[in-house]
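Scroll down for the structure; my scribbles are underneath it.
Protein chains: 2
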Amino acid sequence: MPQADSDQPAYVRVADTLRREIRAGILGVGTLLPSEVNIAKAMNVSRNSVRPALDILRREGLVRTEVGRGTFVRPPVPARRISMNQYREDAATAARTTYPPPPAAADSTLAPHLPTVELTEVPADAGLADLFRIPEGTPLQRRYVIHRVNGTPVQVTTSYYLLDMVQGTWVATPESEPSPGGAIGHLWSLDVQVKKVRPVVTSRPPTTDEAAVLRTERDVLAITRQMLDGSGRVVEVAREIVISSAGVELEYEIDL
Amino acid sequence: MPQADSDQPAYVRVADTLRREIRAGILGVGTLLPSEVNIAKAMNVSRNSVRPALDILRREGLVRTEVGRGTFVRPPVPARRISMNQYREDAATAARTTYPPPPAAADSTLAPHLPTVELTEVPADAGLADLFRIPEGTPLQRRYVIHRVNGTPVQVTTSYYLLDMVQGTWVATPESEPSPGGAIGHLWSLDVQVKKVRPVVTSRPPTTDEAAVLRTERDVLAITRQMLDGSGRVVEVAREIVISSAGVELEYEIDL
DNA sequence: GAGTGGTCTAGACCACGAC
DNA sequence: TCGTGGTCTAGACCACTCA
Numbered sequence: 369m370p371q372a373d374s375d376q377p378a379y380v381r382v383a384d385t386l387r388r389e390i391r392a393g394i395l396g397v398g399t400l401l402p403s404e405v406n407i408a409k410a411m412n413v414s415r416n417s418v419r420p421a422l423d424i425l426r427r428e429g430l431v432r433t434e435v436g437r438g439t440f441v442r443p444p445v446p447a448r449r450i451s452m453n454q455y456r457e458d459a460a461t462a463a464r465t466t467y468p469p470p471p472a473a474a475d476s477t478l479a480p481h482l483p484t485v486e487l488t489e490v491p492a493d494a495g496l497a498d499l500f501r502i503p504e505g506t507p508l509q510r511r512y513v514i515h516r517v518n519g520t521p522v523q524v525t526t527s528y529y530l531l532d533m534v535q536g537t538w539v540a541t542p543e544s545e546p547s548p549g550g551a552i553g554h555l556w557s558l559d560v561q562v563k564k565v566r567p568v569v570t571s572r573p574p575t576t577d578e579a580a581v582l583r584t585e586r587d588v589l590a591i592t593r594q595m596l597d598g599s600g601r602v603v604e605v606a607r608e609i610v611i612s613s614a615g616v617e618l619e620y621e622i623d624l
Numbered sequence: 369m370p371q372a373d374s375d376q377p378a379y380v381r382v383a384d385t386l387r388r389e390i391r392a393g394i395l396g397v398g399t400l401l402p403s404e405v406n407i408a409k410a411m412n413v414s415r416n417s418v419r420p421a422l423d424i425l426r427r428e429g430l431v432r433t434e435v436g437r438g439t440f441v442r443p444p445v446p447a448r449r450i451s452m453n454q455y456r457e458d459a460a461t462a463a464r465t466t467y468p469p470p471p472a473a474a475d476s477t478l479a480p481h482l483p484t485v486e487l488t489e490v491p492a493d494a495g496l497a498d499l500f501r502i503p504e505g506t507p508l509q510r511r512y513v514i515h516r517v518n519g520t521p522v523q524v525t526t527s528y529y530l531l532d533m534v535q536g537t538w539v540a541t542p543e544s545e546p547s548p549g550g551a552i553g554h555l556w557s558l559d560v561q562v563k564k565v566r567p568v569v570t571s572r573p574p575t576t577d578e579a580a581v582l583r584t585e586r587d588v589l590a591i592t593r594q595m596l597d598g599s600g601r602v603v604e605v606a607r608e609i610v611i612s613s614a615g616v617e618l619e620y621e622i623d624l
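Order-wise, the sequence lines are chains P and W. Just so you know, the first sequence maps onto residues 369 to 624 in the working numbering. Just so you know, the second sequence maps onto residues 369 to 624 in the working numbering.
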């Protein structure tokens, strides 16, 4: 073991102490931590040495701070594994679904899982034109969707269809979210078969908006995705799918 | 445009100003930023308001700080795209290579790209036993490899083979890194054909060591990977492949 | 109104790098 | 020796939440 406490900066000692107490369960899940002033008193440091310690724990996803209330121990995030086999399952779901699907019964247990949807029409900017391999300015439908699990936003997706393709169809209505088979289901209902999905994964600090919506100080995973049909035409672009990286795993599977 | 400067916290204003000057090229790549004290004077704030601003820019990967020297504008990281088609190319390379390959000629232009390699023997801990689907304690060969591009460490990989499989072979020697066809090449040389690769991607703050080696304050991408042969046996585990997320894109391709 | 975290100031001392 | 960033202190005011 490295000789712990001494000669370490004060804020690291504070962070280590608090982290140890959280890990040991002394500060249980949901517990309100002592206030910054009280931590400072208890550990004989100034409040300005407590704050960077809490910054560290926030970035590690161990605690969440609410202004005016205090800092709380976060529940350990269950490892939410997102499998890219999802796309194969989506394709299978699409193939056996009649679109548009009957409206879901008003099941209140589903409410906390319902997404927020905003559909708008926009011209393709340079980046989208490149991803779609179409001229800049081509009309697109933009879909901004906030996905929730148990009421907690976990994913913010901004995706695009060619406006020509979806205009006047069920896909152009907010009722098309959530859709059986996801985007692949949408396209299936338009007689477009997705044959290739190309996701590109990066990680970056969240924008201010994303941090607020996803309630995270951690970096986010940002996925840019293209969907292609059998002729190689790009039929959907997601730029970007933003996921709080806390407790999320993206699983791929490559057959050789 | 959102009304920029006013009513924003001072440190955000400072960060925005510096970011704008970097983006505009006023502070060119490699430039030494004004010292914290001088930025404070110039913007009429205290040094303690400049520091969080620089924290933001560091986390965005825009600047790098060296104690005693100052803060410098980092070169824009070229988007290094890592394609998972690499595995298919590796398989093709392995199939046409005779192992062990002839030692590379002493080509000094390659030196800055040579990896650091440490091979050790370890018993499987609980996590590795689970990933390999073998009993805890099974002897493994552990490979710790630091990959470099132009002398800069970009990736730290810790991977494992079953010791029984590699002991006494070329794969058990440091000369086996770098290998044509990577891990797939190693296994091919042992008459083991990799049929499936299963990478799981997460993002997390770097450990102190990783931050030092990869010279980054950004979160890192951490990939845990299994390689399986035709019978479904796990023949290699990487836990973890750690990549500085700055400017890195992981590209996958899924055929439906 | 009392307590919380968010922000800010004006100082200070230190280890380190460059000269 | 001097300037740099790293750390730390002791204050202060604010907006916010909650009783």
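Quick reminder that beta carbons are idealized off the backbone N, C-alpha and C, glycines included.
Exposure of residue i, with buried meaning 16 or more beta-carbon neighbours within 10 Å
{"i": "proline 574/W", "result": "buried"}
{"i": "glutamine 535/P", "result": "exposed"}
{"i": "alanine 372/W", "result": "With a pLDDT of 44 at alanine 372/W, under the threshold of 50, the modelled position of this residue cannot be trusted; read the value that follows with caution. That one is exposed."}
{"i": "glycine 338/W", "result": "Past the edges of chain W, shown from 369 to 624, lies residue 338/W, and the structure says nothing about it."}
{"i": "threonine 439/W", "result": "buried"}
{"i": "glutamate 404/W", "result": "buried"}
{"i": "aspartate 587/W", "result": "buried"}
{"i": "alanine 460/W", "result": "exposed"}
{"i": "serine 599/W", "result": "exposed"}
{"i": "arginine 388/P", "result": "exposed"}
{"i": "arginine 464/P", "result": "exposed"}
{"i": "alanine 462/P", "result": "buried"}
{"i": "alanine 408/P", "result": "buried"}
{"i": "threonine 576/P", "result": "exposed"}
{"i": "proline 377/W", "result": "exposed"}
{"i": "glycine 436/P", "result": "exposed"}
{"i": "alanine 392/W", "result": "exposed"}
{"i": "threonine 541/W", "result": "exposed"}
{"i": "valine 560/P", "result": "buried"}
{"i": "glycine 549/P", "result": "buried"}
{"i": "threonine 584/W", "result": "buried"}
{"i": "valine 382/P", "result": "buried"}
{"i": "methionine 369/W", "result": "With a pLDDT of 37 at methionine 369/W, under the threshold of 50, the modelled position of that residue is not reliable, and the figure given next carries that caveat. It counts as exposed."}
{"i": "valine 397/W", "result": "exposed"}
Beta-carbon neighbours of residue i, restricted to chain P and to distances below 8 Å
{"i": "valine 568/W", "result": "Arg449, Glu617, Leu618, Glu619, Tyr620"}
Contact set between residue i and chain W, taken where Cβ atoms lie within less than 7 Å
{"i": "glutamate 428/P", "result": "Pro573"}
8 Å contact criterion, which residue i and residue j should meet: CB distance rounded
{"i": "threonine 608/P", "j": "alanine 590/P", "result": "Residue identity differs from the one stated: residue 608/P is glutamate in this sequence, not threonine. So it is a contact: roughly 4 Å between Cβ atoms."}
{"i": "valine 610/W", "j": "tyrosine 528/W", "result": "No, valine 610/W and tyrosine 528/W are not in contact; Cβ-Cβ is about 15 Å, not under 8 Å."}
{"i": "leucine 401/W", "j": "valine 431/W", "result": "7 Å"}
{"i": "valine 562/W", "j": "methionine 533/W", "result": "Incorrect: roughly 13 Å between the Cβ atoms, too far for contact."}
{"i": "valine 441/W", "j": "leucine 499/W", "result": "No, valine 441/W and leucine 499/W are not in contact; Cβ-Cβ is about 41 Å, not under 8 Å."}
{"i": "serine 557/P", "j": "valine 539/P", "result": "6 Å"}
{"i": "proline 483/W", "j": "isoleucine 514/W", "result": "6 Å"}
{"i": "arginine 427/P", "j": "glutamate 621/W", "result": "Contact doesn't hold; Cβ gap of about 33 Å is too wide."}
{"i": "isoleucine 390/W", "j": "glutamate 619/W", "result": "The pair is not a contact, with the Cβ atoms about 28 Å apart (cut-off 8 Å)."}
{"i": "threonine 526/P", "j": "arginine 510/P", "result": "7 Å"}
{"i": "methionine 411/W", "j": "threonine 433/W", "result": "About 18 Å; that fails the 8 Å criterion."}
{"i": "glycine 615/P", "j": "proline 446/P", "result": "6 Å"}
{"i": "leucine 421/P", "j": "tyrosine 467/P", "result": "According to the sequence provided, residue 421/P is alanine. The question's leucine does not apply to it. Rounded, the Cβ-Cβ distance is 53 Å, inconsistent with contact."}
Amino acids of chain W, ordered along the chain, whose beta-carbon sits closer than 8 Å to that of residue i
{"i": "arginine 456/P", "result": "Ile622, Leu624"}
{"i": "valine 431/P", "result": "By Cβ distance, chain W contributes nothing, its closest Cβ being about 14 Å from valine 431/P, past 8 Å."}
{"i": "leucine 422/P", "result": "Within 8 Å Cβ-Cβ: nothing; leucine 422/P doesn't reach chain W, min ~14 Å."}
{"i": "alanine 459/P", "result": "Leu624"}
{"i": "serine 613/P", "result": "Thr570, Ser571, Arg572, Asp587"}
Proximal chain P residues relative to residue i, where beta-carbon distance stays under 9 Å
{"i": "valine 565/W", "result": "Tyr620, Glu621, Ile622, Asp623, Leu624"}
{"i": "valine 562/W", "result": "Leu624"}
{"i": "methionine 452/W", "result": "Tyr620, Ile622"}
Any non-hydrogen atom of the ligand COA closer than 7 Å to residue i Cβ
{"i": "isoleucine 552/P", "result": "The model on display carries no ligand, and the ligand COA is accordingly not part of it."}
Contact list for residue i against chain P, beta-carbon separation under 7 Å
{"i": "methionine 533/W", "result": "Neighbours of methionine 533/W on chain P: none; closest Cβ ~18 Å, over 7 Å."}
{"i": "alanine 494/W", "result": "What alanine 494/W touches in chain P: nothing, since even the nearest Cβ is about 16 Å away."}
{"i": "serine 547/W", "result": "Going along chain P, no residue has its Cβ under 7 Å from serine 547/W, so there is no contact; the nearest lies around 17 Å."}
Runs of alpha helix (DSSP H) wholly within the region 443 to 516 of chain P (minimum 4 residues, chain order): You should have 454 to 463, 494 to 500.
3-residue-minimum beta strand (DSSP E) runs that sit fully inside the region 515 to 579 of chain W, ordered along the chain: For the beta strand (DSSP E) assignment, the uninterrupted runs of no fewer than 3 residues enclosed by the region 515 to 579 of chain W are, from N- to C-terminal side, 520 to 530, 562 to 572.
Counting beta carbon pairs with one atom in the region 412 to 426 of chain P and one in the region 451 to 469 of chain P, are three or more of them shorter than 8 Å? Too few Cβ pairs lie closer than 8 Å, so no.
Looking at C-beta atoms only, is the number of pairs between the region 487 to 504 of chain P and the region 564 to 572 of chain P that lie closer than 8 Å three or more? The answer is no - the region 564 to 572 of chain P does not touch the region 487 to 504 of chain P, with fewer than three Cβ pairs under 8 Å.
Does the count of Cβ pairs from the region 512 to 526 of chain P and the region 491 to 502 of chain P closer than 8 Å reach three? Cβ pair count under 8 Å is below three, so no.
Mind pulling the alpha helix (DSSP H) runs of 4 or more residues that sit fully within the region 385 to 418 of chain P? List check, alpha helix (DSSP H) in window: 404 to 411.
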